[in-house]
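Worksheet: the structure to be examined is printed underneath.
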Amino acid sequence: MKTPFHQLPRRLDRDLNRMTNSFGDVPLSRREALRRSIYGSAGLLLMEPLMVRASQASAVQLTEGAARSVIQIWLWGGPCHIDTFDPKPDAGRAYTGALDSPIETNVDGIRIGQLLPQLAKQANNYSLIRGMTHGNNGHETAAYLVQTGRTSERDVFPGLGAVVSYFKGYRAGYTGVIPPYIVLTQPQGRFSEAGFLGPRYKPFATGGDPADSVFTVEGVVSPDITEQHQKERRKLLGKLNTLGGALPGNATLKTVVDSEDEAYELILGDAGKLFDLGQEEDKTRDRYGRHTFGQSCLMARRLVEKGVPYITINYRGWDTHKQHFQAMNRKLPELDQGLAALLGDLSGRGLLDSTVVWCTGEFGRTPKVALESPWNGGRHHFGKAFSSLLAGGGFKGGQVVGATNATGEEVAERPVYPADVIGSIYSQLGIPADAPLPHPQGTPTNVVPSKSENVPMGGLLKELV
1203 MKTPFHQLPR RLDRDLNRMT NSFGDVPLSR REALRRSIYG SAGLLLMEPL MVRASQASAV
1263 QLTEGAARSV IQIWLWGGPC HIDTFDPKPD AGRAYTGALD SPIETNVDGI RIGQLLPQLA
1323 KQANNYSLIR GMTHGNNGHE TAAYLVQTGR TSERDVFPGL GAVVSYFKGY RAGYTGVIPP
1383 YIVLTQPQGR FSEAGFLGPR YKPFATGGDP ADSVFTVEGV VSPDITEQHQ KERRKLLGKL
1443 NTLGGALPGN ATLKTVVDSE DEAYELILGD AGKLFDLGQE EDKTRDRYGR HTFGQSCLMA
1503 RRLVEKGVPY ITINYRGWDT HKQHFQAMNR KLPELDQGLA ALLGDLSGRG LLDSTVVWCT
1563 GEFGRTPKVA LESPWNGGRH HFGKAFSSLL AGGGFKGGQV VGATNATGEE VAERPVYPAD
1623 VIGSIYSQLG IPADAPLPHP QGTPTNVVPS KSENVPMGGL LKELV
């Protein structure tokens, strides 16, 4: 198995930086360190057939879906539907707080929150799911439910990103140096995204901050080492490596050398330049917003252009038990600017039709404002009713699916469950609902839950296709 993506440059740095290293009580020379590094990789290579056998056993016929990529905007902590995509101005200030003046969009009959004016101009590009529900109020369990569509306590199922990486990444012949599943910039940490698919299908988390002057991607960009220094390091490594001449034509060694070449392609080549947002015009960066979320949206667009199948933007700060409205005055304008720029840019570049954009949190927040101390105008976890935004990838824009009651506390029409959204996205990607997953115990398991699993489902989003 090749060295994992995020470890490739780090491995080179590690071997070159250690003039001596302790292995037990015996000092290790650089040459010995290199030798052990190479043969360690060779050992991992011999294990690869064992690790991928399950994947090969579950071959399935994929179709050419309308979508090729997914950008998931994860509002970590849970946004309030009343403040965003399902306003209830007639419910009174006990529910709306100061956000009681929703605005019209460019689609007749659709209004959204007053702090989202740029998204209001793009309603034709997205649809709103106002009947989202699952009834779970725990961060970890709700996040797992929304991203897997399942509630099983016995198995740890893979999330949507890992499943897409499995079917549309490595098994589909994806050959890019950039991994097929990327998180900007930190993983949730709420559950194992890869589940029983295993570590190969975990996302690569970039780390760093794309709004910085240099986006320091973990394992790719070092803030302390110049490009010239990296080139000198590679030259030195080549001089130290004498195995190439000693083992000509060795297949294992060739694989390790290829991994080294990929690492340096990320550090010094065109692949690594993908993460250099300085290549974008200032006016483009300004349009997305010079904040972490806005620049993450811009980075996601660049990854889609490169053909990466699944990108998650993990946008934190939505867990607002206290001083909710002060937080919304900061967060909603950022969301509005970054997401509107992303949708407009994808549309203008002809990429929206082939890119699903899914904006959601693990749940919503209580419609009624907690005004009493110590909450001081907070909103709490609310899985009974919330909203999601869905755009692109063959989904219709300018539509509303489902509805809540007058106070936003109950789903009144067309309940939509996480499995419904996930199954609909799989369908747009050409992944059949009955596509099998390689369960470690051999239990028959499909990407979309079957009726026997007793998972609440309201049906795929046929209204949007």
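Per the numbering used here, the very first residue in the sequence shown carries number 1203; after that it's consecutive.
Beta carbons are placed, not taken as given, at the ideal position from N, Cα and C, and that holds for glycine.
Just to confirm the assignment, what range does the alpha helix (DSSP H) spanning residue i have?
i, result
"Y1498", "Looking at the sequence itself, residue 1498 is Ser, so the reference to Tyr does not match. Its alpha helix (DSSP H) spans residues 1494–1507."
"L1321", "1319–1322"
"L1277", "Taken as a continuous stretch (DSSP letters only), L1277 belongs to no alpha helix (DSSP H), being part of the beta strand (DSSP E) at 1271–1277."
"G1625", "1620–1630"
"R1489", "1484–1490"
"Y1403", "Run containing Y1403: none; DSSP gives neither H nor E here."
"R1295", "1295–1298"
Rounded to whole angstroms, what's the CA-CA distance from residue i to residue j? Just pull it up for me.
i, j, result
"G1644", "P1412", "42 angstroms"
"Y1297", "H1336", "21 angstroms"
"L1666", "G1280", "24 angstroms"
"G1661", "A1605", "16 angstroms"
"V1618", "V1365", "21 angstroms"
"L1541", "C1499", "7 angstroms"
"A1587", "K1475", "42 angstroms"
"R1270", "W1577", "43 angstroms"
"N1656", "V1650", "12 angstroms"
"R1373", "T1286", "38 angstroms"
"E1536", "T1486", "15 angstroms"
"A1465", "V1379", "For A1465, the pLDDT reaches just 49, beneath the cut-off of 50, and the residue's location in the model is therefore unreliable, leaving the point undetermined."
"L1264", "S1626", "15 angstroms"
"N1531", "E1355", "38 angstroms"
"A1614", "L1592", "20 angstroms"
"L1488", "T1562", "One point to set straight first is that residue 1488 is Asp, not Leu, in the sequence displayed. Cα to Cα, the separation comes out at about 24 angstroms."
"Y1368", "Y1403", "7 angstroms"
"I1469", "Q1388", "Residue placement at I1469 is flagged as unreliable, the pLDDT there being 48, under the threshold of 50; the coordinate-derived value follows with that caveat. If I take the Cα positions, the gap works out to 20 angstroms."
"T1568", "H1583", "6 angstroms"
"S1652", "Q1630", "19 angstroms"
"V1623", "L1663", "7 angstroms"
"D1646", "P1640", "Per the sequence shown, the amino acid found at residue 1646 is Pro instead of Asp. Spanning the two alpha carbons is a distance of roughly 8 angstroms."
"G1509", "T1307", "32 angstroms"
"Q1481", "E1507", "14 angstroms"
"H1523", "R1616", "29 angstroms"
"Y1490", "L1544", "7 angstroms"
"S1654", "G1400", "25 angstroms"
"M1501", "N1339", "32 angstroms"
"G1315", "G1552", "28 angstroms"
"T1343", "K1323", "35 angstroms"
Is the Cβ-Cβ distance between residue i and residue j less than 7 angstroms?
i, j, result
"L1505", "I1513", "yes"
"A1293", "I1312", "no"
"W1278", "R1581", "no"
"G1585", "A1268", "no"
"S1303", "V1358", "no"
"F1477", "V1419", "yes"
"P1382", "G1371", "yes"
"G1579", "I1284", "no"
"L1555", "R1503", "Contrary to the premise, residue 1555 reads as Asp rather than Leu in this sequence. Not closer than 7 angstroms, so no."
"L1318", "D1521", "no"
"Q1320", "W1560", "no"
"S1589", "D1310", "no"
"P1658", "L1347", "no"
Tell me the residue span of the beta strand (DSSP E) that contains residue i.
i, result
"F1588", "1588–1593"
"T1562", "1557–1562"
"E1615", "1613–1615"
Strictly under 7 angstroms for the Cβ-Cβ distance: is residue i near chain C by that measure?
i, result
"P1401", "Chain labels in this structure do not include chain C; a single protein chain is all it has."
Quick check: is any heavy atom of the ligand FMN less than 6 angstroms from the C-beta of residue i?
i, result
"T1298", "In the structure on display, the ligand FMN does not appear, and there are no ligands present to speak of."
Inside the segment 1333–1397 only - beta strand (DSSP E) runs reaching at least 3 residues:
1383–1386
Meets three-Cβ-pair contact criterion under 8 angstroms: the segment 1593–1601 and the segment 1319–1333
With a cut-off of 8 angstroms, the segment 1319–1333 and the segment 1593–1601 count as touching, because enough Cβ pairs lie within range.
Do the segment 1628–1637 and the segment 1572–1581 make contact, defined as three or more Cβ pairs closer than 8 angstroms?
At 8 angstroms Cβ cutoff, the stretches do not touch.
Can you find at least 3 beta carbon pairs, one from the segment 1398–1415 and one from the segment 1486–1496, that sit closer than 8 angstroms?
yes
Ordered list of beta strand (DSSP E) runs contained in the segment 1515–1574, each at least 3 residues
1557–1562
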